[in-house]
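Protein chains: 2
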Amino acid sequence: MTLPTAIKFAKTPLTTLFTGLSESEVTRLNQISSRRQIPVGGFLMHQHSEANSVYIVEEGVLMMERNSATGRRQVVAFSLSGNFIGIAQNEFYEFSVSALTPVTVKEFPMRAFMELQEQIPQLKDNVRRIGGNILAHALDQVFALGQKKAHERVSFLIQQLLNRKSGPRTRVVELVMTRQDIADYLGLTIETVSRAFTKLKQEGIIAIHSAHTVEILDPDALQELALSE
Amino acid sequence: MTLPTAIKFAKTPLTTLFTGLSESEVTRLNQISSRRQIPVGGFLMHQHSEANSVYIVEEGVLMMERNSATGRRQVVAFSLSGNFIGIAQNEFYEFSVSALTPVTVKEFPMRAFMELQEQIPQLKDNVRRIGGNILAHALDQVFALGQKKAHERVSFLIQQLLNRKSGPRTRVVELVMTRQDIADYLGLTIETVSRAFTKLKQEGIIAIHSAHTVEILDPDALQELALSE
DNA sequence: CGATTGTTTGACACGGTTCAAAGTGGGTGG
DNA sequence: CCACCCACTTTGAACCGTGTCAAACAATCG
Numbered sequence: 001m002t003l004p005t006a007i008k009f010a011k012t013p014l015t016t017l018f019t020g021l022s023e024s025e026v027t028r029l030n031q032i033s034s035r036r037q038i039p040v041g042g043f044l045m046h047q048h049s050e051a052n053s054v055y056i057v058e059e060g061v062l063m064m065e066r067n068s069a070t071g072r073r074q075v076v077a078f079s080l081s082g083n084f085i086g087i088a089q090n091e092f093y094e095f096s097v098s099a100l101t102p103v104t105v106k107e108f109p110m111r112a113f114m115e116l117q118e119q120i121p122q123l124k125d126n127v128r129r130i131g132g133n134i135l136a137h138a139l140d141q142v143f144a145l146g147q148k149k150a151h152e153r154v155s156f157l158i159q160q161l162l163n164r165k166s167g168p169r170t171r172v173v174e175l176v177m178t179r180q181d182i183a184d185y186l187g188l189t190i191e192t193v194s195r196a197f198t199k200l201k202q203e204g205i206i207a208i209h210s211a212h213t214v215e216i217l218d219p220d221a222l223q224e225l226a227l228s229e
Numbered sequence: 001m002t003l004p005t006a007i008k009f010a011k012t013p014l015t016t017l018f019t020g021l022s023e024s025e026v027t028r029l030n031q032i033s034s035r036r037q038i039p040v041g042g043f044l045m046h047q048h049s050e051a052n053s054v055y056i057v058e059e060g061v062l063m064m065e066r067n068s069a070t071g072r073r074q075v076v077a078f079s080l081s082g083n084f085i086g087i088a089q090n091e092f093y094e095f096s097v098s099a100l101t102p103v104t105v106k107e108f109p110m111r112a113f114m115e116l117q118e119q120i121p122q123l124k125d126n127v128r129r130i131g132g133n134i135l136a137h138a139l140d141q142v143f144a145l146g147q148k149k150a151h152e153r154v155s156f157l158i159q160q161l162l163n164r165k166s167g168p169r170t171r172v173v174e175l176v177m178t179r180q181d182i183a184d185y186l187g188l189t190i191e192t193v194s195r196a197f198t199k200l201k202q203e204g205i206i207a208i209h210s211a212h213t214v215e216i217l218d219p220d221a222l223q224e225l226a227l228s229e
């Protein structure tokens, strides 16, 4: 039980499945893949179901969560376009993954994907790297949940979304998820999350255009709160 | 940003570096390795220093932590005998690792170790698996910090130590670490940790022989609290 | 055996949760 | 196209768990 890592809010472009693959290798990957659509609220996979596929998000936003028998829920990640989903330790998924927006994913049958990994070393390497990034992400979350106050955690999330979104570098972030989702991601309640947003607004760090659209007014202050390390 | 897994409190024997290796392969590993001793309080590695080696714990207990500029500290893991330490994402360690007891580790120079991984597929596979276990561990911690109350978190830790310790199956657990270490692992303060122990004692779930030795009186109740999922 | 460090306990303050109610907005059907 | 409805969000007030500050206690080490 052990081990390292954690890119803070890396500007480093994260490794994707296709990083460094030749055209023909990409083609081979695409040949074993199929496209799948998930409507809002639909599930890509369920906790404890058989892990038969892995996926790449092509479009939309997914949410990864873990549910307990006692009804507690922990959101572990929000998966954006380009993200990889589905590496399981055992033969069952350990998480449920649902769509926050209409989503299209590329699906790779597990067996064929594993074989390709053996044939394409770079692919295997990418998967390893992606695993590392996921671990880094999890450890950032550990730090946030263990050490940060409510408004710092919210800053942390906003910053994550800001850094990860593709496209032009703007100061506006779309919060696709509900306050409940955010609360379950940050280990808080809806009300506390809401109050944290209000606080950030009052301090002039963000502007809240609608509940799901915030503009960053003071990026430095936000970053400072988000890291608080 | 994505991905699965989490063995609760697995009875499954965790993968070690040597799992499934032939005798000759083990020998080759040992040939590139050297033994190193760390006194109590000494450091095996420092956050941000160059990642030149990986290690296996042979004897003793290590603590892995992440420190922030603002002085906050998050303990990420307690590494026991058999654990693997040092896989870095980039060329620098992301954590500091120090010894809670006198420790002996087996050290593998990074470069040679990487080469061996290429030559021994099973070794590479083991490293991958260990990475998965670490991720699972991190996600368990996320769940604990996000969803559990103080006495549940303490139960969580006791249960982890109970499950991971080798040797005869007793009900006594040695807490090698200080209350401060526990607090920084669970995202609490010393006082809260102490009160949580007292509470578990008062409820007849554990007996506290000394601050560093507890006996589990009611394993089922403990497990229930520890999981609370 | 004393001194120092770590742990427990107590009293109080504060942040976050809970419970309740009032806004707000988006979607649907009339 | 508007009005209503439902789900979500915000705000308020009281409560509770955890943090903070302080002091007593215990254990360890020289």
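Going down the list, the sequences are from chains A and B.
Take the first sequence: its letter number 76 is residue 76 in UniProt numbering, and every next letter is one higher.
Take the second sequence: its letter number 178 is residue 178 in UniProt numbering, and every next letter is one higher.
Every residue gets a Cβ at the ideal spot worked out from N, C-alpha and C, and that includes glycine.
CB contact below 7 angstroms: residue i versus chain B
i                : result
valine 142/A     : yes
threonine 19/A   : no
threonine 192/A  : no
glycine 131/A    : yes
arginine 72/A    : yes
serine 96/A      : no
alanine 150/A    : no
glycine 167/A    : no
glycine 123/A    : Inspection of the sequence shows that residue 123/A is occupied by leucine rather than by glycine. Not an interface residue.
alanine 6/A      : In this predicted model, alanine 6/A has a pLDDT of only 43, less than 50, meaning its place in the structure is not dependable enough to derive any value.
isoleucine 158/A : no
serine 228/A     : yes
glycine 82/A     : no
Residue i: first and last residue of the uninterrupted alpha helix (DSSP H) it sits in
i               : result
threonine 213/A : That residue, threonine 213/A, is in no alpha helix (DSSP H); its beta strand (DSSP E) goes 213 to 216.
tyrosine 55/B   : Element bounds for tyrosine 55/B: not the alpha helix (DSSP H) but the beta strand (DSSP E), 53 to 59.
lysine 201/B    : 190 to 202
alanine 88/B    : Alanine 88/B -> no alpha helix (DSSP H), and no H or E assigned at all.
glutamate 152/A : 150 to 164
valine 176/B    : That residue, valine 176/B, is in no alpha helix (DSSP H); it is neither H nor E in DSSP.
leucine 227/B   : 219 to 227
serine 24/B     : 23 to 31
Closer than 7 angstroms to chain A by CB, residue i
i               : result
alanine 211/B   : no
glycine 146/B   : yes
glycine 41/B    : no
glycine 60/B    : no
leucine 135/B   : yes
leucine 139/B   : yes
threonine 2/B   : Reliability of the predicted coordinates at threonine 2/B is poor, the pLDDT of 37 falling under 50, and no value is obtained from them.
glutamine 47/B  : no
glutamine 117/B : no
Exposure label - residue i; buried when at least 16 CB within 10 Å
i                  : result
glycine 204/A      : exposed
phenylalanine 43/A : exposed
valine 142/A       : buried
valine 75/B        : buried
glycine 167/B      : exposed
serine 22/A        : exposed
threonine 198/A    : exposed
serine 24/A        : exposed
arginine 86/A      : The question names arginine, yet the displayed sequence has glycine at residue 86/A. Flag for glycine 86/A reads buried.
glycine 20/B       : exposed
threonine 15/B     : buried
isoleucine 160/B   : For the sequence presented, residue 160/B should be read as glutamine rather than isoleucine. Burial call: buried.
serine 34/B        : exposed
valine 40/A        : exposed
alanine 69/B       : exposed
serine 49/A        : exposed
Start-to-end residues for the beta strand (DSSP E) that takes in residue i
i                  : result
proline 121/B      : It is not in any beta strand (DSSP E) - proline 121/B instead sits in the alpha helix (DSSP H) that spans 121 to 147.
serine 210/B       : 206 to 210
asparagine 67/A    : 62 to 67
alanine 77/B       : 73 to 79
serine 109/A       : For clarity, residue 109/A is proline in the given sequence; the question names serine instead. Run containing proline 109/A: 103 to 109, per the beta strand (DSSP E) assignment.
valine 97/A        : 96 to 99
arginine 36/B      : 34 to 38
phenylalanine 43/B : 43 to 45
Contacts around residue i, its chain only, beta-carbon distance under 7 angstroms, and the 5 residues preceding and following it disregarded
i              : result
alanine 221/A  : Ile205
tyrosine 185/A : Val75 and Leu157
Sequence-distant residues of the same chain with beta carbon closer than 6 angstroms to residue i, five excluded per side
i             : result
residue 259/B : The requested residue 259/B does not occur in the structure, where chain B is confined to residues 1 to 229.
Tell me whether the segment 167 to 182 of chain A and the segment 210 to 219 of chain A touch, counting them as touching only if at least three CB pairs, one residue from each stretch, are closer than 8 angstroms.
yes
The segment 148 to 156 of chain B / the segment 220 to 227 of chain B touching (three or more Cβ pairs under 8 angstroms):
yes
Between the segment 43 to 61 of chain A and the segment 97 to 114 of chain A, are three or more C-beta pairs nearer than 8 angstroms?
yes
Count the CB pairs spanning the segment 128 to 137 of chain B and the segment 125 to 134 of chain A that are closer than 8 angstroms, and state whether there are at least three.
yes
Three or more C-beta pairs closer than 8 angstroms, one from the segment 93 to 102 of chain B and one from the segment 59 to 79 of chain B: is that the case here?
yes
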